[in-house]
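Per the numbering used here, the sequence shown runs over residues 4 to 414.
No residue lacks a Cβ here, since even glycine has one placed at the ideal position from N, Cα and C.
What you are looking at is a predicted structure, and each value in this text was computed from that prediction instead of being measured.
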Amino acid sequence: MPIYVTVYYNDIGLSRTQIGILQCLSPFASFAGQLFWGALIDRLGDYKRTLVGTQLFGTVVIFFYMIPVVKKSFVLVVMVTVMWNFLLSTAGPIIDALCLTVLAEWDGIEGYGDQRLWCAVGWGGMALLAGQLIDMWGLNFIFIGFALIQTANICICVIWLPQPKARSREAVDALSAAGNSAPPSLLSFDVLWFLTNLIQYGVAMSLIESFLFVYLIQDFQGTPNVLLGASTAVMCAFEIPVFKYVGRLWKDSNSSLTSVLLFSQLILALRCALYTILPKQHPWLVLLVEPLHGICFAAMWCAAVEYGQRLTPRGGVARMQALVSGLYYQVSMGTGSIAWGVLVEPDSLGFERSFLWDAVFVVVWSLIWQAGLFATARYRRTHHICAAGASARDVPLTSAAARGAAEPQAA
């Protein structure tokens, strides 16, 4: 449903700035919900009832969007948006934490990407089908279809989700970690520079995530809802092979994680630039651009998860992953949405110039980020030290020379 909610906002007559405000409030409400429900789970020691209860009530709140008085009041739309994001914030972190726990028990037979790709399968497949059904039955199907799938999801959780055990409280550490103070190791330059880059990337991506569909509907001629679903389906289709195989770049070859992150950033800049040259009378050509999403998101996300793990000492992995998820999905996406919401207004930059400046921003920031990595490598070479918690070749610049600069020197 989140990918189509902007279509609903546009249909009830909200301005681009108002859509930006809502797209900003959504991730912040979700972030607050993760902190609240995480504290409650820690107190009760029962994630199953919390997960089922919040998913049930959050789904009910979704139907408030269909009430005529809500459609006519921006304040009420804001209240509904904040409520359902707050309630439905429990699913992702709990499931991800359980997934990581199971993968650890299987001792690396499969990786995070092998599991994460199934989310892309479901997301992309349903997005294509939903677009067609919305065209057939109207916008209310956004909420009715979501409720039907949520009902099945809740039933699965009730029947098959295991009850928490005393030792499995660590499985929800990713939820509660964000409320704890960060240990000194998370305040190192490597960690802070990595998280800063992640925030900048999220701000840049938020223009696409929050406003691409609005751009297609408002600036292109005759854009059908099925195209929006097809666009998402293409994105997810190209995520799947990347999730499956991108890990081989740093496991079986000499490619550094920073190389993958840098390449993802440059592809994101290219993607934004391509949006600006699409002919307005041919909206379907956007499908030729969307395959780049496989690199822009899947490659970036797998590299970021792995990079965070390598930078974190034993005992701090869950906290780092909570930071990675919260800063990217909530903080950067929320901040970027409200900023881009103002900039894409017709009397401001508009969509085309916003996408162009987004591309420029990504390239400029990539140079700054690489300069920071290079300076760090030079400093370590001078002082004969290496980054703690990560192999030397995964911290500095992508070039072999810079990787060598970070190698510890013999005393």
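- Per DSSP, the continuous alpha helix (DSSP H) segment holding C158 begins and ends at F144 to W163.
- Nearest C-alpha to K74 among D14, C122, S33 and G23: D14.
- Note on geometry: alpha-carbon atoms of A380 and G329 lie some 28 Å from one another.
- Taking 7 Å as the cut-off, the Cβ atoms of S267 and A240 do not count as close.
- Within its own chain, the residues whose Cβ lies closer than 7 Å to the Cβ of T84, once the five positions on either side in sequence are excluded, are L25, L28 and S29, listed in chain order.
- Taking L43 as the centre and dropping the five residues before and after it, the same chain places the C-beta of T53 closer than 8 Å to its C-beta, in chain order.
- Put simply, of I137, Q203, L59 and P71 the residue whose alpha carbon is nearest the alpha carbon of V327 is Q203.
- The region 344 to 362 makes no contact with the region 230 to 249: fewer than 3 CB pairs, one atom from each, lie closer than 8 Å.
- When rounded, the separation of the alpha-carbon atoms in L273 and V161 is 44 Å.
- When the alpha-carbon of T57 is set against those of L38, F89, E348 and F34, the nearest one is in F89.
- Per DSSP, the unbroken alpha helix (DSSP H) holding L264 starts and ends at L260 to Y278.
- The alpha helix (DSSP H) runs lying completely inside the region 282 to 343 and spanning 4 residues or more are 303 to 314 and 320 to 328, given in chain order.
- Leaving aside the five residues that flank Y248 on each side, none in its chain has a CB nearer than 7 Å to its CB.
- For Y248, the uninterrupted alpha helix (DSSP H) run begins and ends at N228 to Y248, by DSSP.
- Here C275 is buried. Its C-beta has 16 or more other C-beta atoms within 10 Å.
- The beta-carbon separation of S335 and G205, rounded to 3 Å, stays under the 8 Å limit for a contact.
- If you draw a straight line from the Cα of I152 to the Cα of T385, it comes to about 57 Å.
- Taking all protein chains shown into account, F214 has 16 or more neighbouring C-beta atoms within 10 Å of its C-beta and is therefore buried.
- Contact between the region 361 to 372 and the region 223 to 242 is not established, with fewer than three Cβ pairs separated by less than 8 Å.
- Counting the other Cβ atoms within 10 Å of the Cβ of A362 gives 16 or more, which makes it buried.
- At least 7 Å separates the beta-carbon of F149 from that of M69.
- Just measuring C-alpha positions, the residue of Q224, A155 and A207 sitting nearest P286 is Q224.
- Residue range G353 to H386 is occupied by the alpha helix (DSSP H) that includes E355.
- One alpha carbon belongs to A207, the other to F216, and they sit about 16 Å apart.
- The alpha-carbon of G375 is positioned some 40 Å away from that of K283.
- Closest in alpha carbon position to S340, among L142, I22 and L91, is I22.
- Linking L290 to V81 through their CA atoms gives a straight-line distance of about 32 Å.
- The C-beta distance from I270 to L252 rounds to 14 Å, too long to meet the 8 Å contact threshold.
- When C-alpha distances from V366 are compared across W304, L265, Q333 and Y331, the shortest belongs to L265.
- With respect to the 7 Å criterion, G344 and T9 are not classified as neighbours on the basis of their beta carbons.
- When C-alpha distances from F377 are compared across Y331, L288 and F192, the shortest belongs to F192.
- Nearest Cα to Q37 within the set V72, Y12 and W87: W87.
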